[in-house]
Amino acid sequence: MKYSIMVNEGPYTHQASDTALHFCKAALEAGHEIFRVFFYHDGVNNGTRFTVPPQDDRNIQQEWSKLASAHDIDLVVCIAAAQRRGIMDADEAKRQGIDGNNIAPGFRISGLGQLIEGGIIADRQLVFGD
Amino acid sequence: MKYSIMVNEGPYTHQASDTALHFCKAALEAGHEIFRVFFYHDGVNNGTRFTVPPQDDRNIQQEWSKLASAHDIDLVVCIAAAQRRGIMDADEAKRQGIDGNNIAPGFRISGLGQLIEGGIIADRQLVFGD
Amino acid sequence: MATKKFMFLNRKAPYGTVYALESLEVVLIGAAFEQDVSLAFIGDGVYQIAKNQNTDGIGMKNFSPTYKALGDYEVTKLYVEKESLEARGLTLDDLMDLTWEDEDDDYAEKPSIRLVSAAELAAVFDEQDVVLSF
Amino acid sequence: MATKKFMFLNRKAPYGTVYALESLEVVLIGAAFEQDVSLAFIGDGVYQIAKNQNTDGIGMKNFSPTYKALGDYEVTKLYVEKESLEARGLTLDDLMDLTWEDEDDDYAEKPSIRLVSAAELAAVFDEQDVVLSF
Amino acid sequence: MSTLHTVNKSPFERDSLSSCIRLAVKGSAILLIEDGVFGAMAGTDHSDMVQAAMKDASVYVLGPDLAARGMSEDRVIDGIQIIDYSGFVNLTAECNNVQSWL
Amino acid sequence: MSTLHTVNKSPFERDSLSSCIRLAVKGSAILLIEDGVFGAMAGTDHSDMVQAAMKDASVYVLGPDLAARGMSEDRVIDGIQIIDYSGFVNLTAECNNVQSWL
């Protein structure tokens, strides 16, 4: 099966991102494909490389980056949601006149069309949120 | 009256930060003092200067910065909550080996003691959240 | 691309959280993909399409007029759960008048809102390919 | 500094959201300020102090042992609302055994959990100077 | 006055308002804000609970939040006072403390 | 199988589970995850609602989320199946689509 995943909440505050990660790992282990993970609403906050969680805690952002690189998963941060919440890549920062960027490795910023496209292409669309 | 305010949610996703802003403005107009605003949980996300909301929408982060500068309000972002969520100032970034920072003007990063101290010093403590 | 049945499930009130607004942004983009799109308003989601929203006092943008534009994007199926409306003491009269023009019927103006029972709506859900929840 | 009555109001289950954990972090810091500190567990907040929490399967840190350390920080008043417990089919036996040592009573071990009715807890709330809600 | 309780959640979606009512002492003030304003409306499944609570507590609702959601002031339960942000501030000053039911 | 419904909210705090049960067709599967697992416990104010729903739907609960919260598998309502993340994946593959009740 080909899965498309939507994550609507940021890391740590809600369990949604953890559950999505566990689901993706279990799906990959079972031989399924994770085609795309689309981060919407506060979910865009999973894509900042500025997080430094306590040493005895998991690093949710890094887990997403690692999973994506190991299994060639497309991690898409919604541009409109990211602008409201302060997630920037170098191009966007330049365009908006922002003096820095915080996007994490393996994440890319793109439009909502990627979410709809994910739903069309995938066999199953799942939503994790609050 | 001297007020201490706690904001537990980030901008846009929940109304909490908007309501806190309206409350602070009304309190100042009535001659009260806002001693401190403490941003906890996802509330720390109010303190990023990387947000670019749509042109026809309010800029919550800038409203906090302006209000603080006009009325000498102490805007404190909780350090532990900020680390989990990727809010960094220059000092913290250096200490943590992060290649950038996103703290907005008028905000400072400090410990949870500032919240308790706020409650002790102020006549009234209010909490806005989800 | 294939055509799928997309359902946008709205269960949260507007303004208290951003979900209603950002859901609407997805619907508008989704319409461009020429999919078979439906919206459902359940629970507090029914408040999203309440009449007479006026946000001047809270300093937020009133996005309720956007629902009126959905017909122009060929988004014409807005299911409202009867039980949710009744629990809140509301009737169809309390909701915005949302319509679309039927090209195939001499541009007749037709209502977009479909008041359905929970059982009827359950059957509609069962036919969907993709359900996006907000 | 003055001594005030601080109440930490916990109404959310652990792990589903971070509020329980981050509330506990505030309580620990608050204890250092030598204030008169109480905690209340209402609604799903009672789940925070449930026995036998084991987070191995979800990859999150099990922070429930921290509640056992509260007594050492002189946080000894943990109010649990009876009605909330009963609605969830729980009894005191389902909660962790939380105690503190009373220095003034030959270090006798005393229970920190105070099972109270809604009416009793309402009276406790009414005496507070500062209520921090999570 | 005693405690001011604020409730910012819809009583249809969450248990915040019912918990607040259960745990507010006689003489408290309850202010409905944000999505909490739906609890102020007459003729709903929760109106009876609110009206019963009004025997022991003064209930207020934030007008700007009502208007944003298209809820008509005419349909607010009789006896609930509609206030604005400055009225909210006044309540916090008049009451001894403020308790948020998030 | 028909639709898989996931519920991640406590039935004591939110209306997600009751909405899901009201709107799930006969033959659906309902999976309780995260704070939703409290809905799987016997002897609570909501157990009857869940048991009634089990006449028309298969109900599952995510074991790791139960364990995290200290909820004993012995006290899960009879007939609710306890599964892990790989069981969750299997359910999504077996059902035609997945609907989240957030």
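For the record, the sequence lines run as chains A, B, C, D, E and F. The letter at position 116 of the first sequence is residue 115 when you use numbering that gives the first Met the number 0, and the numbering goes up by one with no holes. The letter at position 74 of the second sequence is residue 73 when you use numbering that gives the first Met the number 0, and the numbering goes up by one with no holes. The letter at position 28 of the third sequence is residue 27 when you use numbering that gives the first Met the number 0, and the numbering goes up by one with no holes. The letter at position 110 of the fourth sequence is residue 109 when you use numbering that gives the first Met the number 0, and the numbering goes up by one with no holes. The letter at position 49 of the fifth sequence is residue 48 when you use numbering that gives the first Met the number 0, and the numbering goes up by one with no holes. The letter at position 55 of the sixth sequence is residue 54 when you use numbering that gives the first Met the number 0, and the numbering goes up by one with no holes. From the three backbone atoms N, C-alpha and C, an ideal C-beta is built for every residue, glycine too.
- In terms of beta-carbon proximity, A:Gly85 lines the interface with chain B, with at least one pair separated by less than 8 Å.
- Taking 8 Å as the threshold, the shortest C-beta distance from F:Asp55 to chain C does not fall below it.
- For D:Phe7, the three-state secondary structure derived from DSSP is strand.
- Listed along chain B, the residues sitting closer than 9 Å to D:Gly29 by beta-carbon distance are Leu111, Gly112, Leu114, Ile115 and Gly118.
- Nearest in C-alpha terms to F:Met70, of all of D:Leu23, D:Pro13 and D:Val130, is D:Pro13.
- Setting aside the 5 residues that flank it on each side, C:Ser22 is surrounded in the same chain by Phe7, Asn9 and Phe133, each with a C-beta closer than 7 Å to its C-beta; the list follows chain order.
- In this structure the segment 101-108 of chain A does not lie against the segment 80-91 of chain F, because fewer than three pairs of beta carbons, one per stretch, are closer than 8 Å.
- In the displayed model, D:Ser37 falls within a strand according to three-state DSSP.
- What F:Phe87 touches in chain A, judged by beta-carbon distance under 7 Å, is Phe22 and Ala25, going in chain order.
- Bounds of any alpha helix (DSSP H) do not take in A:Met0, whose DSSP letter is neither H nor E.
- Taken in chain order, the complete alpha helix (DSSP H) segments of 4 residues or longer contained in the segment 65-123 of chain B are 78-84, 89-95 and 112-120.
- Counting only Cβ-Cβ distances below 9 Å, C:Ser111 has no contacts in chain F at all, with the closest Cβ about 20 Å away.
- Chain order gives the chain B residues near A:Thr12 as His40 and Asp41, where near means a beta carbon separation below 7 Å.
- By the rule that beta-carbons nearer than 8 Å mark a contact, E:Phe11 touches chain F.
- Taking the CA atoms as reference points, B:Thr18 sits about 26 Å from C:Leu94.
- Its Cα nearest to that of A:Ala80, the residue B:Thr50 stands out among B:Thr50, B:Cys77 and B:Ile78.
- Excluding its 5 nearest sequence neighbours in each direction, C:Gly70 has C-beta neighbours in its own chain below 8 Å: Leu97, Thr98, Trp99, Glu100 and Ser111, listed in chain order.
- Neighbourhood of B:Gly128 in chain D, by CB distance below 9 Å: Tyr18, Ser132 and Phe133, in chain order.
- Burial of F:Leu65 is indicated by the presence of at least 16 other C-beta atoms within 10 angstroms of its C-beta.
- If only complete runs of 4 or more residues are kept, the segment 73-101 of chain C shows the alpha helix (DSSP H) at 81-86, in order along the chain.
- Boundaries of the alpha helix (DSSP H) around C:Lys67: Pro64 to Ala68.
- Comparing alpha-carbon positions, the option among A:Gly128, A:Glu116, A:Leu74 and A:Ala89 lying closest to A:Phe37 turns out to be A:Leu74.
- Using a C-beta cut-off of 8 Å, the segment 108-127 of chain A makes no contact with the segment 58-70 of chain B, since fewer than three inter-stretch Cβ pairs fall below that distance.
- Within the same chain, Cβ atoms closer than 7 Å to the Cβ of D:Asp43 are found at Arg10, Lys11 and Ala12, the five residues on either side in sequence being excluded.
- Excluding its 5 nearest sequence neighbours in each direction, C:Lys67 has C-beta neighbours in its own chain below 7 Å: Met95 and Leu97, listed in chain order.
- When the Cα atoms are used, A:Gln124 and C:Ile48 turn out to be separated by approximately 26 Å.
- Here DSSP, grouped into helix, strand and coil, assigns F:Glu93 to helix.
- Contacts with chain E at 8 Å (Cβ-Cβ) do not include C:Asn9.
- Secondary structure at B:Ile33: strand, using DSSP grouped into helix, strand and coil.
- Taken atom to atom, the span from the alpha-carbon of B:Ile33 to that of B:Pro53 is near 29 Å.
- One alpha carbon belongs to F:Phe11, the other to E:Asp14, and they sit about 7 Å apart.
- By the C-beta density criterion, F:Gly38 is buried, having at least 16 other C-beta atoms within 10 angstroms.
- Proximity of D:Phe5 to chain B, defined by a Cβ-Cβ separation below 8 Å, is satisfied.
- Interface with chain F (8 Å Cβ-Cβ cutoff): D:Lys50 is included.
- By the Cβ-count criterion, A:Arg84 is buried, with 16 or more other Cβ atoms from all chains shown falling within 10 Å of its own Cβ.
- Shown in chain order are the members of the segment 3-32 of chain F whose Cβ falls below 7 Å from a Cβ of chain C: Asp14, Ser18, Arg21, Leu22, Ala23 and Val24.
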